[in-house]
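Under our numbering, the first residue of the sequence shown carries the number 14, and numbering increases by one thereafter. C-beta: ideal position from N, C-alpha, C; glycine also.
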Amino acid sequence: MPRLGADRRHEVRFTLNGRPVEGEAEPRMLLTDFLRHVLGRTGTHVGCEHGVCGACTVQIDGAPARACLTLAVQVEGAEIRTVEGLAPAPDRLSVLQESFRAHHGLQCGFCTPGILMSLDELLSRRPDASEDDIRHQLSGHLCRCTGYAPIMKAALDAARRLRGEGETAADA
Ligand code: FES
Ligand code: FES
């Protein structure tokens, strides 16, 4: 394996939301900084920068991962999905996003990209996820605003819809 000199920049190439991207990164550059500052994709948020809050969660090769604990050079050749890749079309939201909107699953929205990427992974794999499963998935995310109840409501509604059991009914 080639040694990575701390002072050298490396070309990093991967697939971001289905499209090839590339840029230069020092070996110590975090994936969060690469996404936001090199590629200009600011949908992924940065909170604690040490793996606690979950705001920076993206999907790497299909699995949720903390982008603040991942080096950009580690994702060479990987498939990365971020919140910018969730909507199926510019004028359409995903089922999960629609449920968050309908049930007020966000307030300031700081935690939201990370939570969406975690829940998207769980519900795409297991639309039959139980309330406990969803709570477990959310346990890696801090939200200072909502008290989590509307997030749970949105996630359960999205799961129902993904199972084909009815449409989102907006909260009054
Ligand atoms: S910014 Fe990555 S876990 Fe908080
Ligand atoms: S909506 Fe503000 S931190 Fe979650």
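Exercise. Indicate whether residue 34 and residue 41 have their beta-carbon atoms separated by less than 9 Å.
Key: The residue labelled residue 34 in the question sits at position 21 within the sequence shown. The residue labelled residue 41 in the question sits at position 28 within the sequence shown. Not in contact: residue 34 and residue 41 (Cβ atoms no closer than 9 Å).
Quiz item: For residue 149, which three-state DSSP category applies?
Solution: Counted from its first residue, the sequence shown places residue 149 at position 136. Note: residue 149 maps to helix in three-state DSSP.
Quiz item: Considering only the beta carbon of each residue, do residue 131 and residue 175 sit closer than 9 Å?
Solution: Indexing the sequence shown from 1 puts residue 131 at position 118. Indexing the sequence shown from 1 puts residue 175 at position 162. In this structure, residue 131 sits away from residue 175, with a CB-CB distance that is not shorter than 9 Å.
Practice problem: Taking residue 36 as part of the beta strand (DSSP E), name the residues at either end of that continuous run. | Solution: Numbered from 1 along the sequence shown, position 23 holds the residue referred to as residue 36. Unbroken beta strand (DSSP E) run through residue 36: 32–38.
Exercise. Measure the C-alpha to C-alpha separation of residue 185 and residue 99 and round it to an integer number of angstroms.
Key: The sequence position of residue 185 within the sequence shown is 172, counting from 1. The sequence position of residue 99 within the sequence shown is 86, counting from 1. Confidence at residue 185 is low in this model, with a pLDDT of 48, below 50, so the placement of that residue should be treated as unreliable; the coordinate-derived value is given next. When rounded, the separation of the alpha-carbon atoms in residue 185 and residue 99 is 26 Å.
Quiz item: Helix, strand or coil: how does DSSP classify residue 96 here?
Solution: Counting from 1 along the sequence shown, the entry for residue 96 is found at position 83. Assigned with DSSP and collapsed to three states, residue 96 falls in helix.
Quiz prompt | Chain-order list of residues whose beta-carbon lies under 8 Å from that of residue 14 (same chain, five-residue window excluded) | solution = Looking up residue 14 in the sequence shown gives position 1. Interpretation of residue 14 is limited by its pLDDT of 49, a score under 50 that renders its predicted location unreliable; no figure is taken from the coordinates.
Quiz prompt | Below-9 Å beta-carbon distance, residue 35 vs any chain C residue | solution = Here chain C cannot be found, since the structure has a single protein chain.
Self-check item: Best match in 140, 57, 50, 47 for proximity to residue 126 [C-alpha to C-alpha]
Solution: Walking along the sequence shown from the start, residue 126 turns up at place 113. Checked all of 140, 57, 50, 47; the closest Cα to residue 126 is 57.
Exercise. Check whether the Cβ of residue 114 sits closer than 8 Å to any heavy atom of ligand 2, and report yes or no.
Key: On the sequence shown, position 101 is the one that residue 114 refers to. Taking non-hydrogen atoms of ligand 2 into account, the C-beta of residue 114 is found less than 8 Å away from none of them.
Quiz item: Could you give the C-beta distance for residue 151 and residue 128, rounded to a whole number, given that I count them as a contact under 8 Å?
Solution: Walking along the sequence shown from the start, residue 151 turns up at place 138. Walking along the sequence shown from the start, residue 128 turns up at place 115. Sure, about 7 Å apart at Cβ, within 8 Å.
Practice problem: Please indicate yes or no: does the CB of residue 79 lie closer than 8 Å to some heavy atom of ligand 1? | Solution: Sequence index remark: in the sequence shown, residue 79 carries index 66 (1-based). At least one heavy atom of ligand 1 falls within 8 Å of the beta-carbon of residue 79.
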